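In UniProt numbering, the protein residues as written are 1 to 413. Ideal Cβ positions, reconstructed from N, Cα and C, are used throughout, including at glycine. Predicted, not measured: the structure shown is a model, and the values here were computed from it. Structure, as structure tokens:
Below is the structure:
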């Protein structure tokens, strides 16, 4: 059926609202400005006729699209995207630009002409010939991660309301804050969501669905050195800073993020703090196989022991804390959630591909909190930087996929 898409207009509005999250903040949400977008989304949902749409004190937007089917056994499903943008790049004063009918040329961003999207560096552009590409102007990120998903869910709700011939069960809408800093589901009310299955709309290439994430631990290696007056330190001082540097230098190159790909895990030192007497190295540990996380932590410990053999009066402590787990462990128990998603992608006229993510999503944690939640494409590319882009046509395909997914759940219930 022909659809009067609103997704592009919505996206262009949403990206101009600065919703950057802040990892240093202790409030929830981490930045009050995230609620500015939340308030707009609630207003638009209410205007659509979704009467229970609201923004809670923590910055979550909840809404319910009532069923329009006579069937009473259709499971409740939820669509989720996050409103915040990455702290890695400014999200203030975003000026979106539509490059119509892209033909493979370099896209020079006008406010910083050093920012150029070249097909050689963005190979996904090869699939966009003839499409309309949206970028920022060169001095900010675009906000495609994840305002593309937000706009797609909003348009899907609009389309379902205006096309009652598409039968569906109860649809829950959830927009979250602080996903980019790892706190996206910390204050979520899953009873309020009340869904059997969820789908984050936060993926990359059109046609992709992701049912597998890293399993993740965080590790902290605390090194206790020996301080001494530097003028009289010979044979006495054992600098924790130098010990930390030697440990980092000894990490295997083939176990680093820059030395791994596909299903390979890694150990990544993300920060070092300290002084002569004590230093701390913070690591993130990632692998698709949960059991390998312990092996990677053992590598850190073995290196620490080897280095400290040269520092007899120094010691260390290794603290490992679970962060999230591979959502495939949960999704494999409910195969229809993934199967229906793949069918919806095919109905949208795309080649459906099941993929894994070298990272995590809100869906990782939601799956283990009781809401199995794979990730569906939103068309996002080059996220967290000034060269973020999305195509209008990919966003429209995401809207269609969401609509087909609602119909598949109704048909097969």
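If you compare the alpha carbons of 214, 220, 303 with that of residue 266, the shortest gap goes to 214. Per DSSP, the beta-bridge partners of residue 283 are 219, 269. The region 199 to 217 makes contact with the region 275 to 293, as at least three CB pairs between them are under 8 Å. Between the alpha carbons of residue 227 and residue 302 lies a gap of roughly 24 Å. Considering only 66, 40, 36, the residue with the shortest C-alpha distance to residue 50 is 66. Excluding sequence positions up to five before and after residue 244, its CB lies within less than 6 Å of the CB of 223, 272, 279, 281, all in the same chain and listed in chain order. Pairing residue 166 with residue 403 gives a Cβ-Cβ distance under 9 Å. Closest in C-alpha terms to residue 347, from the list 84, 369, 326, 206, comes 206. Ranked by Cα distance from residue 289, the options 313, 325, 321 are led by 325. Judged by DSSP in its simplified three-state form, residue 362 adopts helix. Under a 10 Å Cβ-count criterion, residue 176 is classified as buried, with 16 or more other Cβ atoms of the shown protein chains found around its own Cβ. Taking a C-beta distance under 9 Å as the contact criterion, residue 75 and residue 195 qualify as a contact pair.
Listed as beta-bridge partners of residue 79 by DSSP are 173, 199.
Taken in chain order, the whole alpha helix (DSSP H) runs of length 4 or more contained in the region 325 to 394 are 328 to 331, 335 to 347, 362 to 369.
Judged by DSSP in its simplified three-state form, residue 74 adopts coil rather than helix or strand. Non-local C-beta neighbours of residue 366 in its own chain, meaning closer than 7 Å and more than five positions away in sequence, comprise 185, 198, 373, ordered along the chain. With contacts defined as CB atoms closer than 9 Å, residue 331 and residue 212 qualify as a contacting pair. Excluding residues up to 5 positions away in sequence, 190 lie with their Cβ nearer than 8 Å to the Cβ of residue 370 in the same chain. Excluding its 5 nearest sequence neighbours in each direction, residue 159 has C-beta neighbours in its own chain below 7 Å: 3, 399, 403, listed in chain order. Bridge partners of residue 20 according to DSSP: 85.
Counting the other CB atoms within 10 Å of its CB gives residue 79 a total of 16 or more, which places it among the buried residues. Rounded to whole angstroms, the gap between the alpha carbons of residue 235 and residue 269 is 29 Å. According to the DSSP assignment, residue 36 belongs to the alpha helix (DSSP H) that extends over 34 to 48.
Rounded to the nearest whole angstrom, the C-alpha separation of residue 203 and residue 44 is 24 Å. Around the CB of residue 383, 16 or more other CB atoms lie within 10 Å, so the residue is classed as buried.
For residue 228, the secondary structure class from DSSP, reduced to helix, strand or coil, is coil.
For residue 172, the closest alpha carbon among the candidates 309, 327, 57, 200 is that of 200. Under DSSP, residue 135 takes part in a beta bridge, and its partners are 97, 389. In this structure, the beta-carbon distance from residue 132 to residue 162 does not fall below 9 Å. Take residue 361, set aside five residues on each side of it, and the residues of its chain with a beta-carbon closer than 7 Å to its own are 200, 202, 213, 375, in chain order. Taking a 10 Å sphere around the C-beta of residue 73, we find fewer than 16 other C-beta atoms and assign the residue as exposed.
Counting along the chain, the unbroken beta strand (DSSP E) around residue 65 starts and ends at 61 to 65. Separation of residue 61 and residue 55 (C-alpha to C-alpha, rounded to the nearest whole angstrom) is 5 Å. With fewer than 16 other Cβ atoms inside 10 Å of its own Cβ, residue 229 counts as exposed. Secondary structure at residue 119: coil, using DSSP grouped into helix, strand and coil.
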